[in-house]
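Q: Protein chains in written order, with the numbering used here: chain B, 69 to 487; chain L, 69 to 487. Don't be surprised by glycine CBs; every beta carbon is placed ideally from N, CA and C. This structure is a prediction, so every number in the text was calculated from the model and none was measured.
2 protein chains.
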Amino acid sequence: MSAEVICVGTELLLGDILNSNVQFLAKELASLGIPHYYQTVVGDNPTRLKEVIEIASKRASILIFTGGLGPTPDDLTTETIANLFDTPLIERYEIIEDISQKFAARGRIMTENNRKQALLPQGADILPNPSGTAPGLLWQPRPNLTLMTFPGVPSEMKLMWRETAVPYLKSQGWGKEVIYSRMLRFRGIGESALATKVVKFFELTNPTVAPYASLGEVRLRISAKTASEEEAIALIEPVAQEIQKIAGLDYYGSDDANLATVVADLLKQAAETVSVAESCTGGGLGSILTSIAGSSDYFRGGIIAYENRVKIDLLGVKTQNLEEDGAVSAIVAQQMALGVQQRLGTDWGISITGIAGPGGGTITKPVGLVYIGLADSQGKVDSFECRFGNRDRDIIRSLSSYTALDKLRRKLLAKKLGM
Amino acid sequence: MSAEVICVGTELLLGDILNSNVQFLAKELASLGIPHYYQTVVGDNPTRLKEVIEIASKRASILIFTGGLGPTPDDLTTETIANLFDTPLIERYEIIEDISQKFAARGRIMTENNRKQALLPQGADILPNPSGTAPGLLWQPRPNLTLMTFPGVPSEMKLMWRETAVPYLKSQGWGKEVIYSRMLRFRGIGESALATKVVKFFELTNPTVAPYASLGEVRLRISAKTASEEEAIALIEPVAQEIQKIAGLDYYGSDDANLATVVADLLKQAAETVSVAESCTGGGLGSILTSIAGSSDYFRGGIIAYENRVKIDLLGVKTQNLEEDGAVSAIVAQQMALGVQQRLGTDWGISITGIAGPGGGTITKPVGLVYIGLADSQGKVDSFECRFGNRDRDIIRSLSSYTALDKLRRKLLAKKLGM
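Written as structure tokens, this is what we have:
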């Protein structure tokens with residue numbers, strides 16, 4: 069018993085719209101514990117749609133359609149379904165009534181082409197649409213095959229799913245098993261390096277553990293399938309604990325946590341404040357820190373020192389070091405961090421200076437070379453050299469800001485844990 | 069001859085991620101004139117993936133895969149393809165070389181599991197991946213069937229598509245009838261207001277004109293379908309000219325132009341410099357200004373004055389005004405703009421102070437109230453009151469930064485045109 073999603077619409081094949089419906093349905097099916105192995109998109113073409121339904125109905129027992137229920141001639145989902153299962157379309161009086169009333173409520177008259185939306189295959193049930201004009205169908209054209217159709221407009225589809233499809237699916241016994249997941253998040257370690265450390269968990273079957281990677285971050289998803297959320301958590305928790313222990317400081321948070329929220333929590337717990345001195349990121353780190361509501365509790369401000377003159381005048385960077393070591397150097401990063409920490413009177417000062425490219429690189433200082441400085445209120449200052457490689461300017465700048473944030477996180481966490 | 073897109077990844081079936089890759093590919097295929105009738109999503113399961121490839125290879129002559137090229141055991145696309153076409157996988161020395169070099173450039177060592185990414189079916193060509201570690205394959209396992217694989221990470225996939233797949237497809241004769249478009253971009257006017265002004269163009273058939281709206285911006289897409297780019301431009305140009313004339317200062321640029329590039333060009337033409345003083349945006353405006361390579365020509369830096377103390381100490385904002393008018397007021401925005409313009413010695417100073425929410429709003433100063441200050445080197449300073457409404461913090465901050473940039477753009481443009 070599994071479900072399959074079929075999205076109908078030439079606009080999806082042209083790339084005019086992003087298919088957010090299928091992501092919504094995928095999440096919903098997972099939360100109801102309904103297995104779902106394929107998603108298909110097909111245009112407003114009855115021959116191809118028919119072929120897609122034939123293939124899907126051999127693989128799955130519940131077919132969920134979105135799109136093609138409108139009043140115009142290119143809306144073909146219902147008639148293609150009826151045609152495939154050799155069943156006549158019948159005009160439903162109650163749908164005509166309902167559509168007329170909805171039009172009347174909006175002060176409009178139902179047009180002739182809306183009558184098309186009242187046609188359903190003989191024997192099919194109406195799947196009510198609480199917000200839009202057209203209902204869907206709920207139909208078993210043969211044993212062990214249930215079809216459900218939804219409009220393509222996301223707001224209508226979602227409301228209809230929640231109000232009419234979910235109650236039906238639950239009445240059929242679904243939703244008794246839940247799939248519950250936790251996403252663990254890591255920084256400062258590559259996907260393959262982390263995978264090597266935790267490889268044994270990939271063999272597990274319940275919960276399962278799977279790795280994902282995105283820019284500068286690796287994630288492990290732990291998923292359990294059980295009768296209740298409590299049981300799922302009981303399965304997930306020990307695995308999560310063990311992985312977190314293995315990963316040490318590289319693990320930074322789970323689920324909706326991000327580096328900014330994690331650093332915010334650590335700073336609030338320590339009742340400490342931070343300020344930033346930014347060169348190549350131009351304010352990006354400050355922007356990330358202030359993306360969190362309530363960031364005024366721990367963020368005071370910063371200096372965007374893009375030009376050397378600003379580094380000298382507002383941060384106290386030494387002209388000699390700018391000349392001898394260059395603006396992109398460990399010593400300048402240290403002076404920037406210390407300068408902003410002192411001038412703004414914060415517990416921490418973080419600085420970033422680097423070559424974001426595409427120009428400005430040399431053999432000894434290539435594009436992607438970035439120094440991060442981290443100063444504390446005792447005047448102690450560290451610096452970190454990062455080599456992000458000759459990548460896009462945006463990527464280098466983003467990696468610079470998040471790496472700087474991660475350096476502060478590690479420092480705060482190590483201090484908290486007494487390491 | 070048609071193409072088909074197959075996206076591989078259990079995370080898509082679980083609804084963890086929105087499938088933006090398929091929308092990108094759909095648009096690209098349309099612009100190359102390659103017909104494309106089906107999109108399929110399947111999980112990291114070799115049996116099901118094999119079945120999907122078998123079905124697709126009967127319907128289409130170009131199969132485009134995304135996902136499943138990573139180094140971990142659940143990345144199965146390449147081996148499933150090889151297996152289906154009964155072809156052994158061969159380790160490619162040049163891929164090992166390339167991956168090792170990429171790891172080295174980032175100061176990391178290639179791990180053993182990355183070797184998996186160097187395996188390609190015998191006879192397949194390498195489809196180079198300019199940014200990520202794993203390349204794809206380009207392979208004709210039998211006449212009239214071409215397979216192309218891409219990683220699932222959107223930034224990698226897109227770069228790889230543009231740099232390696234498009235040249236290949238063009239060499240195969242695709243893209244001869246071109247759909248050529250120009251996107252005109254507008255700020256400071258709503259979609260319906262702009263549509264009303266240019267409604268007559270919506271009737272055109274070649275080129276066509278269609279409106280799009282996104283946060284704070286309206287776009288008009290002018291598309292022509294012709295045999296050559298020159299012919300298309302000849303159709304598009306007069307329409308674009310006429311629309312730009314109607315829109316006046318609300319039109320700011322076309323195609324890849326964005327507010328930052330437009331302001332950059334205007335500042336460079338005028339040989340003028342700018343600095344920023346940011347409160348609620350926390351560095352977001354500086355970050356946008358420095359997103360452009362070469363921004364050191366006109367951007368000197370700024371002060372992130374999140375806390376009032378920083379506004380007083382580093383920008384010279386008057387304590388009296390902070391107390392009487394509040395930090396979110398026209399007068400404080402003016403003092404901030406003037407303060408940063410003077411302290412950094414730039415031609416222009418822009419400031420932003422506002423209530424980004426979700427907390428901090430009052431009846432007289434609700435969430436979404438933002439003041440923008442704009443000072444010039446003659447000591448003249450303007451301020452602008454914006455009411456962005458009780459929306460998401462991120463949205464209010466983004467609208468604030470872009471509106472500030474747009475105020476500078478209008479000022480620079482008016483000056484340039486002698487208005």
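Quick check on this structure: which residue in L:L412, L:D444, L:A345 and L:A361 has the alpha carbon closest to the alpha carbon of G422 (chain L)?
A: Here residue 422 (chain L) is taken as the residue at index 354 of the second sequence, counted from 1. Closest by alpha carbon: L:A345.
Q: Where S291 (chain B) and K483 (chain L) are concerned, what is the direct C-alpha to C-alpha distance, given to the nearest angstrom?
A: The residue given as residue 291 (chain B) occupies position 223 in the first sequence. The residue given as residue 483 (chain L) occupies position 415 in the second sequence. Those two C-alpha atoms are separated by around 60 Å.
Q: Whose Cβ in chain B lies nearer than 9 Å to the Cβ of I371 (chain L)?
A: Position 303 of the second sequence, counting from 1, holds the residue named residue 371 (chain L). What I371 (chain L) touches in chain B: G369, G370, I371, I372 and L382.
Q: What did DSSP end up calling R459 (chain L) once you bin it into helix, strand or coil?
A: Looking up residue 459 (chain L) in the second sequence gives position 391. The answer is coil: DSSP assigns R459 (chain L) none of H, G, I, E or B.
Q: Identify, in the order they occur along the chain, each residue of the same chain with its Cβ nearer than 6 Å to the Cβ of S88 (chain B), setting aside the five sequence neighbours on each side.
A: Taking the first sequence and counting its residues from 1, the one referred to as residue 88 (chain B) is at position 20. So the qualifying residues of the chain are P222.
Q: Consider the Cβ of T387 (chain L): report whether some Cβ of chain B lies at a distance smaller than 9 Å.
A: As a first step, residue 387 (chain L) must be located in the second sequence, where it is residue number 319. No, because no Cβ of chain B sits closer than 9 Å to the Cβ of T387 (chain L).
Q: Looking only at C-alpha atoms, which of B:I356, B:N197 and B:N458 sits nearest to A472 (chain B)?
A: Stepping through the first sequence from its first residue, residue 472 (chain B) is reached at position 404. Answer by Cα proximity: B:I356.
Q: Using a Cβ cut-off of 9 Å (strictly closer), state whether F133 (chain L) contacts chain B.
A: Sequence index remark: in the second sequence, residue 133 (chain L) carries index 65 (1-based). With 9 Å as the cut-off, F133 (chain L) does not count as an interface residue toward chain B.
Q: In chain L, which residues lie with their C-beta within 7 Å of the C-beta of G284 (chain B)?
A: Here the question's residue 284 (chain B) lines up with position 216 in the first sequence. Per Cβ cutoff of 7 Å: no residues; G284 (chain B) is ~11 Å from chain L at best.
Q: My parser needs the beta strand (DSSP E) runs of 3 or more residues fully inside the region 233-293 of chain B; what are they?
A: List check, beta strand (DSSP E) in window: 246-255 and 276-282.
Q: Quick check: what's the CA-CA separation for V449 (chain L) versus R174 (chain L)?
A: Counting from one through the second sequence, the residue named residue 449 (chain L) turns up at place 381. Counting from one through the second sequence, the residue named residue 174 (chain L) turns up at place 106. Approximately 47 Å between the Cα atoms of the pair.
Q: Checking 9 Å against the spacing of the C-beta atoms, do N182 (chain L) and S260 (chain B) come in under that value?
A: Counting from one through the second sequence, the residue named residue 182 (chain L) turns up at place 114. Counting from one through the first sequence, the residue named residue 260 (chain B) turns up at place 192. Taking 9 Å as the Cβ cut-off, N182 (chain L) and S260 (chain B) qualify as a contacting pair.
Q: Strictly below 7 Å CB to CB, what residues from chain L border I123 (chain B)?
A: As a first step, residue 123 (chain B) must be located in the first sequence, where it is residue number 55. Chain L residues near I123 (chain B): I123.
Q: With H, G and I counted as helix, E and B as strand and the rest as coil, what does DSSP make of Y106 (chain B)?
A: On the first sequence, position 38 is the one that residue 106 (chain B) refers to. Note: Y106 (chain B) maps to strand in three-state DSSP.
Q: List in chain order: all unbroken beta strand (DSSP E) runs of 3+ residues lying wholly within the region 174-209 of chain B.
A: Runs found: 187-189 and 193-195.
Q: What does P426 (chain B) reach in chain L if we use C-beta pairs closer than 9 Å?
A: In the first sequence, counting from the first residue as 1, residue 426 (chain B) sits at position 358. Ordered by position in chain L, the residues that pass the 9 Å Cβ test against P426 (chain B) are A361.
Q: Whose Cβ in chain B lies nearer than 7 Å to the Cβ of D415 (chain L)?
A: Looking up residue 415 (chain L) in the second sequence gives position 347. Within 7 Å Cβ-Cβ: nothing; D415 (chain L) doesn't reach chain B, min ~13 Å.
Q: Would you mind stating whether T134 (chain B) and L93 (chain B) have Cβ atoms separated by less than 9 Å?
A: Here the question's residue 134 (chain B) lines up with position 66 in the first sequence. Here the question's residue 93 (chain B) lines up with position 25 in the first sequence. Against a cut-off of 9 Å, the Cβ pair of L93 (chain B) and T134 (chain B) comes out as a contact.
Q: Using a Cβ-Cβ cut-off of 8 Å (strictly less than) and excluding sequence neighbours within five positions of E72 (chain B), which residues of its own chain qualify?
A: As a first step, residue 72 (chain B) must be located in the first sequence, where it is residue number 4. Around E72 (chain B): H104, Y105, Y106, Q107, T108, A124, R127, A128, I130, L131 and I132.
Q: Does the Cβ of F254 (chain B) have 16 or more other Cβ atoms within 10 Å, making it buried, or fewer, making it exposed?
A: In the first sequence, residue 254 (chain B) corresponds to position 186, counting from 1. Buried.
Q: Going by C-alpha to C-alpha distance, which of L:E305, L:K313, L:L480 and L:M251 sits closest to D415 (chain L)?
A: On the second sequence, residue 415 (chain L) is found 347 positions in, with the first residue counted as 1. The option with the nearest alpha carbon to D415 (chain L) is L:L480.
Q: With respect to the alpha helix (DSSP H) encompassing N134 (chain L), which residues constitute its N-terminal and C-terminal limits?
A: In the second sequence, residue 134 (chain L) corresponds to position 66, counting from 1. Note that residue 134 (chain L) corresponds to Thr in the displayed sequence, not to Asn. No alpha helix (DSSP H) contains T134 (chain L), which is instead part of the beta strand (DSSP E) from I130 to T134.
Q: Rounding to the nearest angstrom, what Cα-Cα distance links R461 (chain B) and E159 (chain L) in this structure?
A: As a first step, residue 461 (chain B) is located in the first sequence; it is residue number 393 there, counting from the start. As a first step, residue 159 (chain L) is located in the second sequence; it is residue number 91 there, counting from the start. Taking the straight line joining both Cα atoms gives about 33 Å.
Q: Determine the DSSP secondary structure at T349 (chain B), reduced to helix, strand or coil.
A: Counted from its first residue, the first sequence places residue 349 (chain B) at position 281. DSSP places T349 (chain B) in coil when its eight states are reduced to three.
Q: According to DSSP, simplified to helix, strand and coil, what is S469 (chain L)?
A: Numbered from its first residue, the second sequence carries residue 469 (chain L) at position 401. The answer is helix: DSSP assigns S469 (chain L) an H, G or I state.
Q: Which whole-angstrom value is the C-beta distance of E436 (chain B) and N458 (chain B), which I expect to be below 8 Å?
A: Taking the first residue of the first sequence as 1, we reach residue 436 (chain B) at position 368. Taking the first residue of the first sequence as 1, we reach residue 458 (chain B) at position 390. Reading off the sequence, residue 436 (chain B) comes out as Gly, not Glu. Rounded, the Cβ-Cβ distance is 6 Å, consistent with contact.
Q: In three-state terms, what does DSSP make of A443 (chain L)?
A: Here residue 443 (chain L) refers to the residue found at position 375 of the second sequence. The answer is strand: DSSP assigns A443 (chain L) an E or B state.
Q: Do the region 297-304 of chain L and the region 315-332 of chain L meet, that is, are 3 or more Cβ pairs less than 8 Å apart?
A: No, they do not touch.
Q: Which whole-angstrom value is the C-beta distance of P275 (chain L) and A263 (chain L), which I expect to be below 8 Å?
A: The residue labelled residue 275 (chain L) in the question sits at position 207 within the second sequence. The residue labelled residue 263 (chain L) in the question sits at position 195 within the second sequence. Contact doesn't hold; Cβ gap of about 17 Å is too wide.
Q: Mind checking which residues open and close the beta strand (DSSP E) that includes L213 (chain L)?
A: As a first step, residue 213 (chain L) must be located in the second sequence, where it is residue number 145. First-last of the beta strand (DSSP E) with L213 (chain L): L213 to F218.
Q: Assuming A150 (chain L) and I164 (chain L) form a contact by the criterion Cβ under 8 Å, report the distance between their Cβ atoms to the nearest whole angstrom.
A: Indexing the second sequence from 1 puts residue 150 (chain L) at position 82. Indexing the second sequence from 1 puts residue 164 (chain L) at position 96. Between I164 (chain L) and A150 (chain L) the Cβ distance is about 18 Å, and since that is not below 8 Å, they are no contact.
Q: Report, in whole angstroms, the separation of the C-beta atoms of I440 (chain B) and S451 (chain B), which I expect to be a contact under 8 Å.
A: Start at 1 with the first residue of the first sequence, and residue 440 (chain B) comes out as number 372. Start at 1 with the first residue of the first sequence, and residue 451 (chain B) comes out as number 383. That belief holds up - the Cβ atoms of I440 (chain B) and S451 (chain B) are roughly 7 Å apart, short of 8 Å.
Q: Compare the C-beta of Q107 (chain B) against all C-beta atoms of chain L and say whether one is closer than 9 Å.
A: Counting from 1 along the first sequence, the entry for residue 107 (chain B) is found at position 39. Closer than 9 Å to some Cβ of chain L, the Cβ of Q107 (chain B) qualifies, so yes.
Q: Counting only C-beta atoms, is P279 (chain B) closer than 9 Å to chain L at any point?
A: Here residue 279 (chain B) refers to the residue found at position 211 when the first sequence is read from its first residue. At least one chain L Cβ lies under 9 Å of P279 (chain B).
Q: For Y319 (chain B), count neighbouring C-beta atoms within 10 Å of its own C-beta (all shown protein chains included) and say buried if the count is 16 or more, exposed if not.
A: For the purposes of this step, residue 319 (chain B) is taken as residue 251 along the first sequence, with counting starting at 1. Buried is the call here.
Q: Candidates B:R289, B:A405 and B:R477: which alpha carbon is nearest G369 (chain B)'s?
A: Here residue 369 (chain B) refers to the residue found at position 301 when the first sequence is read from its first residue. G369 (chain B) has its Cα closest to that of B:A405, out of B:R289, B:A405 and B:R477.
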